[in-house]
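**Student:**
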Amino acid sequence: MKIFLINKKNKKGNVFSMWWFVMAVLVAAVIYIMVNMFFQSPIDIRDLEVNSLINHVADCIYYAGQFNNNINFLPKNSLRKEDTTLENNPVSNEVEVDKEFLIKNCNLNLYDENYPKENQYFIQVNIYELKTASNSLDYKDNLLVSSIAGNEIFKDYCDLQLQKNFYPSANALEEVKYEDNTYKTLPFCKNKKFYAFTRQIMSDNSRKEYIVEIIGGIKKLNENVKV
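Following this note's numbering from start to finish, the sequence shown increments by one per residue and tops out at 236.
(1) Taking only the alpha-carbon atoms, compute the straight-line gap between I112 and N118 and give it to the nearest angstrom.
(2) With DSSP as the reference, label N114 as helix, strand or coil.
(3) Can you name the start and end residues of the beta strand (DSSP E) that A158 belongs to?
(4) Is it true that the CB of N160 sits closer than 8 Å to the CB of N231?
(5) Name the one or two DSSP bridge partners that I227 has.
(6) Give the straight-line distance between the Cα atoms of E96 and I70, rounded to the nearest whole angstrom.
(7) Counting only the same chain and skipping the five closest in sequence on each side, list residues whose C-beta sits under 6 Å from that of S156.
(8) When the distance is taken between beta carbons, is I136 closer than 8 Å to Y72?
(9) Measuring CB to CB, does K199 end up less than 8 Å from V59?
(10) By a C-beta neighbour count over all protein chains shown, 10 Å radius and 16 as the cutoff for buried, is P125 buried or exposed?
(11) Taking CB distances under 8 Å as the criterion, tell me whether K108 reaches chain D.
(12) Ignore the nearest five residues each way along the sequence and tell me which others in N114's own chain have a CB closer than 7 Å to its CB.
(13) Which of the three DSSP states is assigned to K108 in this structure?
(14) Taking 6 Å as the limit between beta carbons, can you name the residues of its chain near G226, skipping five residues before and five after?
(15) Look up A73 in the DSSP assignment and say whether it is helix, strand or coil.
(16) Specify the secondary structure class of L171 as computed by DSSP and reduced to three states.
(17) DSSP on V185, reduced to helix/strand/coil?
(18) Select from V36, F206, K149, M43 the residue whose C-alpha is nearest the C-alpha of G74.
(19) Between the alpha carbons of R216 and N116, how many angstroms are there, rounded?
(20) Should K229 be labelled buried (16 or more other beta-carbon atoms within 10 Å of its own) or exposed?
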């Protein structure tokens, strides 16, 4: 009788051991598949990168209630005074794109050694004057300054994305249901706008108000997109 009970217990033990072994194999297989899928599908972090780039440039352009002193608020061909700061010069309608300011004054390094043949970054700053409160929605006609750096080819792509409020992320592709992967190969673009004003108080106790628009774009497909 004792021998029978011992054998019965051993059989139950063997069944439980086999069951735990099968479960351990299944769990290990699931973990392996998930890890493999995770590393094969790159995580798109360009949203974080472009936000960091835009915020860095924003602090360079306007910080602690004051514009960068090196900003030239008049085109080179229409300077009337030695002092070219915003407070001391009138608005000029002939705005010239400055392609040197951001690199020289904002400590930008837009070179990526993983992409030696093509610059993977784009940044543009536009400063508009708000002449009246009612003009707040129509400020695009009052462009004062436009500075650009990086890959200028991205500009048209970014303009298109921002106009359509479309970003080439996986979620966006599912939402708009594009039939191909064309938009996955485009730069990822975002923009930021904020109000700014000068410290100088005018004769009517008011301050000049402006809208600063910063547009940033990053491509870097190899690390972020599986095409």
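Where is the CB? At the ideal position from N, CA and C, for every residue including glycine.
Note that this is a predicted model, so its numbers are computed, not measured.
**Tutor:** According to the structure data:
(1) 7 Å
(2) helix
(3) First-last of the beta strand (DSSP E) with A158: 152-159.
(4) no
(5) Y130, F197
(6) With a pLDDT of only 45 at E96, under the threshold of 50, the placement of this residue in the model should not be trusted; the figure read from the coordinates follows. Rounded to the nearest angstrom, the two C-alpha atoms are 15 Å apart.
(7) D107, F110, L111, V134
(8) no
(9) Judged by beta-carbon spacing, V59 lies within the 8 Å limit of K199, meaning their Cβ atoms are closer than that value.
(10) exposed
(11) Considering every chain present, this structure includes no chain D. It has just one protein chain.
(12) Counting only Cβ-Cβ distances below 7 Å, and skipping sequence neighbours, we find C69, N77, N79.
(13) coil
(14) F131, F163, C167, P196, C198
(15) coil
(16) helix
(17) Reliability of the predicted coordinates at V185 is poor, the pLDDT of 38 falling under 50, and no value is obtained from them.
(18) F206
(19) 29 Å
(20) buried
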